Amino acid sequence: MIAFLARRLLFAFALVIVVSSSALLLTRLAPGDVTAQLGPFAPAAEVAGTRARFDLDRGAAEQWLRWSSRAARFDFGDSFLYNRPVRELLGGAAVNTAVLAAAALLVATALGIPLGMLSGSGGAGAGLIRGVSLVCLSAPPLLTSLLFVFLAATTRWFPAGGMTSVDALDGGWSTWLTDVAAHLPVPALALALPIAATFERLQAQSMAEALEQPFIVAAAARGVAPRDIIVRHAWRVSLRPICGVYGIAVGALLSGSFVVEFVTAWPGLGRLTYEALRARDIYLVAGCAAAGGAFLAAGSLVGDLLLAAADPRVREQGAP
Amino acid sequence: MLAAAAVLAAAVLVFRLRPSDAPPPPTIQRGGQIVASVRAEPRSFNRFVSRDQVTELLTILTQGRLARINRATYELEPWLAEKWESSADGRTHTLHLRSGVTWSDGAPFTSADVLFSFQAVFDGKARSVIASSLTVGGQPIRARAPDPQTVVLTYAAPSGPGLRLLDNLPILPKHKLEAALAGGTFASAWNASTPPADIVGTGPFIVREYQPGQRVVLDRNPRYWRRAEDGSALPYLDRIVLEIIPEQNAELLRLQAGELDLTSSELRPEDYVPVREAEDQGRLRLIELGVGPDADAFWFCLKPEVKGKNPLFAVVQRREFRQAISHAVDRDAFVETVFLGAAVPAWGPVTPGNPQWFWPDVPRYAHDDELAGRLLDDLGLRKRDPSGVRKTAEGVEARFTVLTQRGIGWYERGAAVLRDELMRIGIVLDIVPLEFGALIERLLACDYDAVYYRPLATDLDPAGNLDFWLSSGSAHLWNIGQRTPASEWERRIDTLMLEQAASLDFERRLQQFNLVQQILAENVPVLYFAAPRLYYAHSPRLRGVVPTVQRPPVLWNADRLGVTR
């Protein structure tokens, strides 16, 4: 197990380096740069000063070398948009995204798995569940987010955007937590629905396959109640593909959160990345990519651990 | 059909609009908070080093200037300086500071703060972005202080805008920033991670809290110097919250839901209908700000050193070619289709939204496809085959790529209408929408045939936009940064604009500028088609709104805003 964890950490480290370096180089090579944010006709001296500040007056390779030597010391450079060190921005944004992602994963799991079990075992409403899942899978995140913002704005059941409200400024921790919880449903649902639909589809298919296994048939022949067959026997076996996809789901949460966080004004990593990309804020793009890579690696690790917990064969082999 | 529907919608809209609120009645209630939106983070709390709109807005809310241009009347108003005298030659101005003014932390405001602000603006290490706007005759404005309440400013040359230049200069506290300037760290002082308590000002509000990605909270400055007509203290509001909402559709939904009282900028044409419905239900007030001060622009790259080898350049650089294009565009239909009726036809860069400098008699080009065709025929661009596309005698097609910004509805609609209009006279336009950064890169390198875009003027006074008018200017769209004027008419504009900028006689300045507008219209290096009408929505509980076409349309007057309870 230790060897497995060590391999995973090494993989995570390599992923972060490759993803952030690629992001930096691609941002550098794409047309335009951050000086466009100064306006179309900014004075030449101001443009030159900004290019020098962000090493854009050096070659791409030299810029990468300078950046990577600083990044090794966790100094990711400055953000143009926020005019402060990227490191300061990443911490808060990553925590906010983690809160949102955890809530969305929880909702997706709570919705997707039971519904998948139900539809996979041919329970009532299987067709309806399948139809709703397909709609959720095909709806683009921009549309889903705007729909939820619209619903929140119309019904006023939840705040339509942001992570906290100004009224919570003067309250204590409990007020703040309650306020964050009130703001979570809109972005969390927008983010969770497509993932819940993915879980539902996978779980349904996997459950249907498990129910055809010989040991399930034998259990039924022994007179085990159908409910127990599904919950105690078939479900456990059918979890393997779900656990496998958890790591990918974390990646999907991150990429989906670009738009969801932008529309719902959630101050997380997705929105930060989106704004950085739009502005060609080169070091912020690279920093966000590094944080995103770390998220993906962590998600993948969690998925593998869940898989090992769910499937004894994986534990016996030592690694998936 | 579409155009007819647009006309009807616009007619209904205009009919239903009401004039904005009158100035606040004396009985306006004190206290309360308003929530406004901004689309981006503040890059800094120091306007000297950052030109972004949010920093500018925060500066208006938290800092004072010696004199202020009233955004509604365009008049120069005494502000931290309560009166002044100017010498006959317009080079020396003696300003008397308002007595009893203190910074928000209680320190007295004196002439030392004014001298410090001028010193900071022109300090090389500070890299101030407003330095060029405070330069006259190529020299910085010099300041001295005979006593704590008096400042004498000396200009190197007479200046047409005179003391209006002072609207560009927020006065910063010497006692808070002196060490940063001396230590060479002024450029990073008061950045986004500075504790709010360290940011003091003489404006109506103080920064209470900045939550990155979420909001800036501003509380009433209890030491603000300004009084209402009845002698009571301003501002009326206890708090202004600036919510950071990057996505414009979500911003509109939150405005409609009552989570926002106002937005930082005007509405898009497509937002009128939902906002009008919200107004009908009493949830919002819709107001017409007027015609915006900036028109859209379409121009060709006329830089010979870049485009000289292009086989069509000989034609493009002829003014008759550009005049033909101007004749080919039906501006009334353009207004209806591109702006859904919410615009007026434009013939030059100065629109009715800039009443002081707008010249209604600027030469116009009537919509006339036949005349356009004759002009092109005379240039040797003829329809030589059944394709209908004009070609030179050498067989080169009159085909151009037009760049515009991706994702902005009316840019893309405008470019599409131009393509259709020019196709009728045999000119082909291929539209390439680009991301903002890529567009700017190609624009500055003159790596394009034509561009459709709306450049924003930095100042309503033409002397503040010399970078556009002068051939050497960095915003001389069609041929940026010329060493010597590329044409005789550009040389003439250079001379007239430099004279105009240095003249103290407003009537003479106006005459000279009208002549400049005439020369520009005759040579059409840039074609203008429409200037949008600007609309704005705010919560009905807001009082004291004095809207303006300049940004910020409402918060410029924040110390007199109030709310009903």
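Line by line, the protein sequences are chains A and B.
Heads up, the first sequence is in our numbering, so the first residue is 204 and it goes up one at a time.
Heads up, the second sequence is in our numbering, so the first residue is 37 and it goes up one at a time.
Just so you know, even glycine gets a beta-carbon here, dropped at the ideal spot from N, CA and C.
Predicted, not measured: the structure shown is a model, and the values here were computed from it.
Contact set between residue i and chain A, taken where Cβ atoms lie within less than 9 Å
| i | result |
| --- | --- |
| residue 473 of chain B | 233, 234, 235, 236, 237, 238, 239, 240, 481, 482 and 483 |
| residue 169 of chain B | Chain A residues near residue 169 of chain B: none, gap ~11 Å exceeds 9 Å. |
| residue 7 of chain B | What is shown of chain B runs 37 to 601, which leaves residue 7 of chain B out entirely. |
| residue 508 of chain B | The contacting residues do not exist; residue 508 of chain B stays about 11 Å from chain A at best. |
Neighbour flag for residue i against chain A, beta carbons, 9 Å
| i | result |
| --- | --- |
| residue 165 of chain B | yes |
| residue 227 of chain B | yes |
| residue 69 of chain B | yes |
| residue 491 of chain B | yes |
| residue 86 of chain B | yes |
| residue 253 of chain B | yes |
| residue 445 of chain B | no |
| residue 417 of chain B | no |
| residue 205 of chain B | no |
| residue 298 of chain B | no |
| residue 352 of chain B | no |
| residue 599 of chain B | no |
| residue 503 of chain B | yes |
Chain B contact for residue i (CB, 9 Å cutoff)
| i | result |
| --- | --- |
| residue 460 of chain A | no |
| residue 228 of chain A | no |
| residue 465 of chain A | yes |
| residue 505 of chain A | no |
| residue 381 of chain A | no |
| residue 284 of chain A | yes |
| residue 369 of chain A | yes |
| residue 344 of chain A | no |
Neighbour list for residue i in chain B, Cβ cutoff strictly below 9 Å
| i | result |
| --- | --- |
| residue 363 of chain A | 286, 289, 290, 293 and 295 |
| residue 296 of chain A | 248 and 249 |
| residue 247 of chain A | 510 and 517 |
Chain-order list of residues whose beta-carbon lies under 6 Å from that of residue i (same chain, five-residue window excluded)
| i | result |
| --- | --- |
| residue 339 of chain A | 396, 397 and 400 |
| residue 189 of chain B | 129, 177 and 179 |
| residue 62 of chain B | Summary for residue 62 of chain B: the model assigns pLDDT 46, below 50, so the residue's position carries little reliability; its value from the coordinates is reported in the next sentence. Only 266 meet the Cβ criterion. |
| residue 216 of chain A | none |
Beta-carbon contacts of residue i that lie in its chain and below 8 Å, excluding the five residues immediately before and after
| i | result |
| --- | --- |
| residue 192 of chain A | Residue 192 of chain A lies beyond the range of chain A shown here (204 to 523); nothing can be said about it. |
| residue 552 of chain B | 498, 505, 529, 532, 533 and 536 |
DSSP state of residue i mapped onto helix, strand, coil
| i | result |
| --- | --- |
| residue 272 of chain B | coil |
| residue 357 of chain B | helix |
| residue 378 of chain A | helix |
| residue 404 of chain B | coil |
| residue 129 of chain B | strand |
| residue 73 of chain B | strand |
| residue 62 of chain B | The pLDDT assigned to residue 62 of chain B is 46, lower than 50, so where the model puts this residue is not dependable; a value taken from the coordinates is nonetheless given after this. Coil at residue 62 of chain B, not helix or strand. |
| residue 447 of chain A | helix |
| residue 246 of chain B | strand |
| residue 212 of chain A | helix |
| residue 438 of chain B | strand |
| residue 590 of chain B | coil |
| residue 486 of chain A | helix |
| residue 595 of chain B | helix |
| residue 574 of chain B | strand |
Cβ-based neighbour list, residue i, same chain, cut-off 7 Å, excluding 5 preceding and 5 following
| i | result |
| --- | --- |
| residue 101 of chain B | 115, 116, 202, 203, 205, 206 and 207 |
| residue 206 of chain A | none |
| residue 509 of chain A | 446 and 449 |
Beta-carbon neighbours of residue i, restricted to chain A and to distances below 7 Å
| i | result |
| --- | --- |
| residue 280 of chain B | 468 |
| residue 612 of chain B | Residue 612 of chain B lies beyond the stretch modelled for chain B, which goes from 37 to 601, so this question has no answer here. |
| residue 476 of chain B | 235, 239 and 243 |
Per-residue contacts from residue i into chain A (C-beta, under 8 Å)
| i | result |
| --- | --- |
| residue 302 of chain B | In chain order: nothing, as chain A lies at least about 19 Å away. |
Contacts of residue i in chain B (Cβ-Cβ under 7 Å)
| i | result |
| --- | --- |
| residue 366 of chain A | 250 |
| residue 252 of chain A | 163 |
| residue 352 of chain A | 286 and 289 |
Practice prompt. Kindly confirm or deny that the segment 357-365 of chain B and the segment 388-408 of chain B touch, where touching means at least three C-beta pairs closer than 8 Å.
Written response: yes
Worksheet item: How about the segment 288-307 of chain A and the segment 262-273 of chain A: do they share at least three Cβ pairs that are nearer than 8 Å?
Response: no
Worksheet item: Contact between the segment 165-172 of chain B and the segment 215-228 of chain B: three or more CB pairs below 8 Å?
Response: no
Worksheet entry | the segment 277-294 of chain A in contact with the segment 430-445 of chain A per 3-pair CB rule at 8 Å | no
Worksheet item: Between the segment 565-584 of chain B and the segment 325-338 of chain B, do at least 3 Cβ pairs fall closer than 8 Å?
Response: yes
Worksheet item: Does the count of Cβ pairs from the segment 275-283 of chain B and the segment 72-80 of chain B closer than 8 Å reach three?
Response: yes
Discussion item. Check whether the segment 464-476 of chain B and the segment 231-243 of chain A are in contact - that is, three or more C-beta pairs closer than 8 Å.
Written reply: yes
Discussion item. Contact between the segment 483-500 of chain B and the segment 419-437 of chain B is defined here as three or more beta-carbon pairs at a separation below 8 Å; is this criterion met?
Written reply: yes
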